[in-house]
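Worksheet: one structure, shown below.
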Amino acid sequence: MDFDPFVLSRIQFAANITFHIMFPTITIALGWILLFFKLRFTATKDETWMHAYFFFTKIFALSFAIGVVTGITMSFQFGTNWPGYMETVGNIAGPLLAYEVLTAFFLEATFLGIMLFGYRRVPGWLHTLATFLVAFGTTMSAFWILVLNSWMQTPQGFEMIDGVAHATNWMEIVFNPSMPYRLTHMLIASGLTASFLVAGISALRYVMNDRGPVVMKTMRTGIFIAAFLIPVQIFVGDLHGLNTKEHQPAKVAAMEGLWETEKGAPLVLFGIPNSETKQNDYAIEIPKLASLILTHEWDGELKGLNEFEGKHPPVGKVFWGFRIMVGTGILMLLVSWAGVIIVTKKKDWIKPLAYVLIPMAFSGWLATIAGWYVTEIGRQPYLVYGILTTEQALGPVKGGAVFTTLMAYLGVYALLLIAYISTIVYMAKRAGDGGNRDPENTKTQGIERRAGIVGAE
Amino acid sequence: MIHDLISSGDWLPVTFAFLMGLSMLIYAVLDGYDLGVGMLTAFASDDEKDSMIASIGPFWDANETWLVLGVGLLLVAFPLAHGVILSELYLPVALMLFGLIFRGVSFDFRAKVAKHKKHRWDKSFFAGSLITALAQGYMLGAYITGFADGWAVVLFSCLIAIAVASGYCLIGAAWLIWRCEHDLQIKAVRWMKQNLAFTCVGIALVSASTPFVSARIFEKWFEFPAFLMLAPIPALTGALIIGLYLMLRKMPLNKDRLAWAPFAMTIAVYVLCFCGLAYSFYPYIVPNALTIVDAASAPESLMIILIGTLIVLPILIGYTLLAYYIFRGKAQELRYD
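Just so you know, the protein sequences line up as chains A and B, in that order. To convert a position in the first sequence, counted from 1, into the working numbering, add 792. Going by the working numbering, the residue at position 224 of the second sequence is 216; the numbering climbs one at a time, nothing skipped.
Okay, structure coming up:
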């Protein structure tokens, strides 16, 4: 059997980053939700907020651990499989990654210990501060990595000397044209992922007959955050699309399945892009709508794939990824808004709502991954747009070795995913069986904490 | 020599080599103790396992971040070396990553799954720690030989793998002596004695073989007067090991006095070994192939990172100390609430 190290390395990188991003997508926003629970407790002294905090802290810890270890894998992949990347753009990617480690990784990793296990050892404000710093750290990490990714999509602020990129203007590098859109889009995506997860797990507890105030509070929190964020996300997503049209028109052409440059281009609702005949089979289209959305004019001109012969991304994957993302977004809109109406006005409908929220628990993963496939596959054949093709970055790895590690990664990831989901289900079940905080402990913790403070002085 | 460096503009790559080395050393000490504790769980009862893991629970995540920083600095400051080293070490790196994955997630899963599944995660915690340590040792061995080929090299690297794993157990046991009580502490003393012997063999092996792998290193160590200047490194290492041996025969001392001392002494051994290795390899970053200066990134990019590092490092050290202060003393049960 012949193993192509290029294809296998790409699949391996895709597998690694796909599995990795699932967990930070949860933790970036879940950190802020935890801070919200903690602040609600501080403001109201209502113990149920603390129950909510401790329950979701465990899910946070589990997600964070998987995110950390799969993230370490990423940092090694650059060297093992794609050394050409750092050799060419290392002068730019390097400092950005270094700042991520320095300003984000240590911060979140250190304060995570205090946030998870320090509640009885430190004063309340310090514990709240630790929670804040963990949330802040995860967000900083997202900031740096999205700066780098956006720079790979819309590079500027550098010059090429002997085939190596040298930074000329760091402000231009950091605030490159697609960064504000991509960062906002991703942070909101994280918010939606975490809020649907919180709502979904609460719904699971609800149908397992755990219907106390904790579950109702967390379910409402999840639904309200989602209902607020989803319209914002649709708006930001639209802006992001307009930005992409300006800087990476080939990607937009693939997203829209637009083979020929056209004025008044139709919106393809459904179709199967056929790269042989260069048209969409079985297409269902709404005339002129794509032009209207992307140029805000009925007869605006959209560039087709014909303009980027040999330099456009594979159409099918981008086209479908985009539709899966948008479709999931619409579903999120319907479910979260229906959810708001039900939890505020139609309380007898909560049970059917719960049965809808449970399968939606991981809908954020689906939309986020599909969206990332659109933007990453949409950048192909480039690794850094217009500067470095993915093929040029490949290192001297052997196909057989990559095949071996790829299979191992896939096996490990499947195992971890099963363990992760089944453990969440188990924790949800156990929380309902009284595995929550022992009331005795709640009473003593104030004194113990006081003693801790005195000891510290 | 220092004046030459500054005037030639090579001080920046050398500074980064120093920072990278420092991160790797801090990593070896910090993750070394928690990997060591992970390996030693194989010899502990279920309750002891809980105490052992509780002693490292608040720290392991930040400890591992030093690896990301070390590799990150290699990646950003020496992209050419990063490519060469990691391509050469493709499979051991992959193996280490699997080890780290299993170890990292086991921490969390073992505390959260149903009781009857806990043993599985305990096993994977042990296996992950062992695999990580062995893979890192193997990589060190391959690095020392300059990524040479042949069975002798593989055998040598395997021996170094065992030595490093044992070195981690040594510092892990030292940590437990400091952070645990009663029977577990007594057990930790025994573990430390056993691993002291293994580690000695490992250090002797590296020290004896490195000069013979390369004539250049041989000359660096045995020419006069460098030989005299360097003599304190092996002498102090030897003295510390003998000191440790004598001390461990009496441990644990009355009223738990000096429980921290074996840990501190082991760190000193790590530092000395590291200095020896660093001296051997300087100025190369890939032994006998690529020097620090040749492999470095553009100075303007290094400068940007250096400024950030100098600002962040004191803050980082500050909150790391805060975490160690908060979780000081004997390990207690880890509770979320």
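Just so you know, even glycine gets a beta-carbon here, dropped at the ideal spot from N, CA and C.
- Between the alpha carbons of residue 944 (chain A) and residue 1175 (chain A) lies a distance of about 7 Å.
- Taking a C-beta cut-off of 8 Å against chain B, the contacting residues of the region 907 to 922 of chain A are 908, 909, 910, 911, 912, 913 and 914, listed in chain order.
- Counting every other CB atom within 10 Å of its CB across the protein chains shown gives residue 838 (chain A) a total below 16, marking it as exposed.
- One Cα belongs to residue 951 (chain A), the other to residue 890 (chain A), and the distance between them is close to 21 Å.
- Per DSSP, reduced to three states, the secondary structure at residue 177 (chain B) is helical.
- Of the other Cβ atoms in all chains shown, fewer than 16 fall within 10 Å of the Cβ of residue 220 (chain B); this residue is therefore exposed.
- One finds 60, 63, 64 and 67 in chain B with Cβ atoms closer than 8 Å to the Cβ of residue 867 (chain A), taken in chain order.
- Contact annotation, residue 269 (chain B) with residue 254 (chain B): C-beta distance approximately 23 Å; criterion of less than 8 Å not satisfied.
- Ranking B:41, B:13 and B:290 by CA distance to the CA of residue 954 (chain A) puts B:290 first.
- With respect to the 8 Å criterion, residue 187 (chain B) and residue 165 (chain B) are classified as neighbours on the basis of their beta carbons.
- Assignment of residue 967 (chain A) by DSSP, reduced to helix, strand and coil, places it in the coil class.
- Taken in chain order, the complete alpha helix (DSSP H) segments of 4 or more residues contained in the region 806 to 832 of chain A number zero; there are none.
- Near chain A, meaning a CB-to-CB distance below 7 Å, the residues of the region 93 to 115 of chain B are 93, 96, 97, 99, 100, 101, 104, 105 and 106.
- Here residue 31 (chain B) carries a helix assignment [DSSP, helix/strand/coil].
- Residue 883 (chain A) belongs to the set of residues whose beta carbon lies under 8 Å from a beta carbon in chain B.
- The residues 933, in chain order, have a CB closer than 7 Å to that of residue 897 (chain A) in the same chain once the five nearest residues on each side in sequence are set aside.
- The beta carbon of residue 1111 (chain A) lies closer than 7 Å to those of 1046, 1047, 1049 and 1065 in the same chain, with the five residues before and after it left out.
- Under the Cβ criterion of 8 Å, residue 249 (chain B) is not counted among the residues facing chain A.
- When Cβ-Cβ separations below 8 Å define contact, residue 936 (chain A) makes no contact with chain B.
- Taking 8 Å as the CB threshold, residue 943 (chain A) stays off the interface with chain B.
- Here residue 167 (chain B) is buried. Its C-beta has 16 or more other C-beta atoms within 10 Å.
- Cβ-Cβ distances below 6 Å link residue 1220 (chain A) to 993, 996 and 997 in the same chain, with the five nearest sequence neighbours on each side left out; the list follows chain order.
- For chain B, the residues of the region 1198 to 1216 of chain A that bring a beta carbon within less than 7 Å of one of its beta carbons are 1200, 1204, 1208, 1211 and 1215, in chain order.
- Spanning the alpha carbons of residue 937 (chain A) and residue 246 (chain B) requires a straight line of approximately 52 Å.
- Residue-level contact by beta carbon holds for residue 79 (chain B) and chain A, with a gap shorter than 8 Å.
- Under DSSP, residue 1059 (chain A) takes part in a beta bridge, and its partners are A:1078.
- Distance from residue 45 (chain B) to residue 91 (chain B) at the Cβ level is roughly 17 Å; contact not present, criterion being Cβ atoms closer than 8 Å.
- For residue 1178 (chain A), the number of other beta carbons within 10 angstroms of its own is below 16, and it is reported as exposed.
- Non-local C-beta neighbours of residue 1156 (chain A) in its own chain, meaning closer than 6 Å and more than five positions away in sequence, comprise 984, 985 and 988, ordered along the chain.
- Taking C-beta separations shorter than 6 Å and ignoring five residues to either side along the sequence, the partners of residue 17 (chain B) in its chain run 266, following chain order.
- Of A:823, A:804 and A:1182, the smallest CA-CA separation from residue 907 (chain A) is found for A:823.
- As the crow flies, the alpha-carbon of residue 1169 (chain A) is around 28 Å from that of residue 1212 (chain A).
- Within 10 angstroms of the beta-carbon of residue 148 (chain B) lie 16 or more other beta-carbons, which makes it buried.
- For residue 1065 (chain A), the secondary structure class from DSSP, reduced to helix, strand or coil, is strand.
- For the pair residue 194 (chain B) and residue 146 (chain B), the CB atoms are not nearer than the 8 Å cut-off.
- Beta bridge pairing from DSSP links residue 959 (chain A) with A:950.
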